[in-house]
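Asks:
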Amino acid sequence: MTAKKSYEPKRLLITGGAGFIGANFVHYWLKTYPGNRVVVLDALTYAGNIENLSSAKSNPDFRFVHGNILDYELMARLLREEKIDTIVHFAAESHVDRSITGPDAFIETNVKGTHELLKAAKTVWLDENPGMPHLFQHVSTDEVYGTLKENDPPFREDTPYAPNSPYAASKASSDFFVRSYQETYGLNTNISNCSNNYGPYQFPEKLIPLVITNILESKALPIYGDGKQIRDWLYVDDHARGIDLIIRKGRTGEPYNIGGINEWANIDIVKLICELVDKRIKEDPALQKQYPDAPVCQGNVAIDLIRHIKDRPGHDRRYAIDPSKSNKEINYQPEEIFETGIAKTVDWYLTNENWWRSIMSGEYQNWIKQQYTEND
Ligand code: NAD
Ligand code: TYD
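In the working numbering, the protein residues as written are 1 to 376.
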């Protein structure tokens, strides 16, 4: 059994830091470890938004680089010039539905991109600077384990991989490449496999923000199939804390599962959000003015917007995480209670109308890309 780490990162490269979890992680890290260098590398795909990092821009420890993890030369140059000791690798194509309609981008970024990043890390950390303390923290998903039946025990770190969607297959493949660089070349790595996240800055194509924003516009709430599929929901800050603990205290080379101990059927979570949004708007005249199309402003209820539609092909029935290894070895447990986490999330979307309206416009995306493109 490898020894527990006691590792203090000082100079981090965060890939995909302009996306949902990456941006929350950047804010968490800058707040928790002032003085650490935080370099974000992001391709600003449709899912990445530099505005997610706007409060970090004035921090002298922070730098944003617009670039692609497929660009080996850029990765190696950044590792050298910024003397990076820790990579936290979030960058990915992350939406299962998009992986069904267009799997190629998932193989490019999630598999090939991860491999280019691993190669750059090996070159700079192992070949050019042997003995240099370093860590490649790979952020992965519980979806690599496939699906559970109603009474199956939750996923453990030794549950065999059985990915069902092209997204899950691409993440599983990237996990295997990370493992192979640990075993073959001695690159120091950790993999975290986390359950479904929710919270601020999540692109409104994923279930929770999609439902909140659709209610505000009185659009249908699409439920795939019977809606009884189960996910284990975790507030995004708890994911950030889990990754932090793995980086500093986990055993090198070990995978760790991070979960919410919080299983919900999709239909129940959608109904809960409907009730929360109705209630918030009902009690606040300013919100009634801001969202005149919301069902409560029309004398209706959000729940009536629910529509059962054709199921997602290969739809995994249930995900659940057994958190005992993370709990025992790195003392991890989620802190946010679901009732407060989901209420905070609903409030965040109610308050940040400009954010969700603008990121859904392609024109805005193109504009923002031009503003931040570096001539690397
Ligand atoms: P996201 O789609 O919101 O963000 C992905 C980010 O990666 C975006 O900023 C995008 O611009 C960037 N990116 C995409 N391709 C890139 C490339 N080739 N080069 C550089 N940057 C690129 O995703 P998310 O939900 O924040 O997920 C982040 C990571 O966490 C992913 O690896 C995902 O597999 C994993 N994960 C997500 C969840 C979840 O519930 N969302 C759960 C467990 C694990
Ligand atoms: P999603 O947020 O896409 O995450 P994942 O597929 O990675 O778990 O979906 C969460 C669950 O919600 C999943 O079971 C699919 C379901 N879902 C719907 O029923 N309707 C929707 O419009 C979406 C986006 C998801």
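All residues carry an ideal CB built from backbone N, CA and C; glycine is no exception.
Since we're looking at a predicted model, the values are computed, not measured.
1. Among residues of its own chain, excluding the 5 on either side of Asp322, which ones have a beta-carbon nearer than 8 Å to its beta-carbon?
2. Would the C-beta of His268 count as close to ligand 2, meaning under 7 Å from any of its heavy atoms?
3. With which residues is Leu13 paired in a DSSP beta bridge?
4. Comparing C-alpha positions only, which one of Leu207, Glu217, Glu143, Gly199 sits nearest to Ser174?
5. Along the chain, where does the alpha helix (DSSP H) containing Ile191 start, and where does it finish?
6. On the CB-based measure, 16 or more other CB atoms within 10 Å of its CB, does Thr141 come out buried or exposed?
7. If you compare alpha carbons, which of Glu150, Pro292, Ile243 is closest to Asn327?
8. List the whole-angstrom C-beta distance separating Val139 from Ser192, where the pair is believed to meet the contact cut-off of C-beta under 8 Å.
9. Is any heavy atom in ligand 2 found nearer than 7 Å to the beta carbon of Val96?
10. Take the Cβ of Gly273 as the centre, count every other Cβ of all protein chains shown within 10 Å, and call the residue buried at 16 or more, exposed below.
11. Under a three-way DSSP split, which group does Val139 fall into?
12. Is the region 62-81 touching the region 110-121, taking contact as three or more C-beta pairs under 8 Å?
13. Indicate, with yes or no, if ligand 1 has a heavy atom lying under 7 Å from the CB of Ile69.
14. Under 8 Å, with one C-beta from each stretch per pair, do the region 294-301 and the region 195-204 reach the 3-pair mark?
15. Can you tell me the Cα-Cα spacing of Ala320 and Gly250, whole angstroms?
16. Can you give the beta carbon distance from Phe106 to Phe25, rounded, assuming they're within the 8 Å contact cut?
17. DSSP three-state call for Pro166: helix, strand or coil?
18. For Asp376 and Leu74, I'd like the C-alpha separation in whole angstroms.
19. Could you tell me which residues DSSP puts in a beta bridge with Glu336?
20. Quick check on the burial criterion: 16 or more other C-beta atoms within 10 angstroms. Buried or exposed for Glu374?
21. So, is Gly19 buried or exposed, given that buried needs 16 or more other C-beta atoms within 10 angstroms?
22. Determine the contact status of Asp316 and Asn164, defining contact as a CB-CB distance below 8 Å.
23. Please classify Ile359 as buried or exposed, where buried requires at least 16 other C-beta atoms within 10 Å of its C-beta.
24. Quick one: does the C-beta of Phe176 sit closer than 7 Å to a heavy atom of ligand 1?
25. Less than 8 Å between the CB atoms is what I'm expecting for Arg318 and Gln202, so what's the real figure, rounded?
26. Quick one: using the 10 Å Cβ neighbour count with 16 as the cut-off for buried, is Glu275 buried or exposed?
27. Can you find a heavy atom of ligand 1 that lies under 7 Å from the Cβ of Phe155?
28. Would you say His308 and Lys206 are within 8 Å of each other, going by their C-beta atoms?
29. Would you mind giving the Cβ-Cβ distance between Val270 and Val211, rounded to the nearest angstrom? I have them listed as a contact below 8 Å.
Replies: For this structure:
1. Pro153, Pro154, Phe155, Arg156, Asn257, Gly259
2. Correcting the residue type first, residue 268 is Asp in the shown sequence and not His. Result no, Cβ not under 7 Å from ligand 2.
3. Val39, Ile87
4. Glu143
5. Run containing Ile191: none in the alpha helix (DSSP H); it sits in the beta strand (DSSP E), 189-194.
6. buried
7. Ile243
8. 6 Å
9. yes
10. Checking the sequence shown, residue 273 turns out to be Ile, not Gly. The residue in question, Ile273, is buried, as its Cβ has 16 or more Cβ neighbours within 10 Å.
11. strand
12. yes
13. yes
14. no
15. 21 Å
16. Actually they do not touch by this definition, with Cβ atoms about 21 Å apart.
17. helix
18. Only weak support exists for where Asp376 lies, its pLDDT of 40 falling under 50; the value from the coordinates is given anyway. C-alpha separation (whole angstroms): 7 Å.
19. In the DSSP output, where bridge partners are listed per residue, Glu336 has none listed.
20. Here Glu374 scores only 48 on pLDDT, less than 50, and its place in the model should not be relied on; the value that follows carries that caveat. Under this definition Glu374 is an exposed residue.
21. buried
22. yes
23. buried
24. no
25. Actually they do not touch by this definition, with Cβ atoms about 21 Å apart.
26. exposed
27. no
28. no
29. 5 Å
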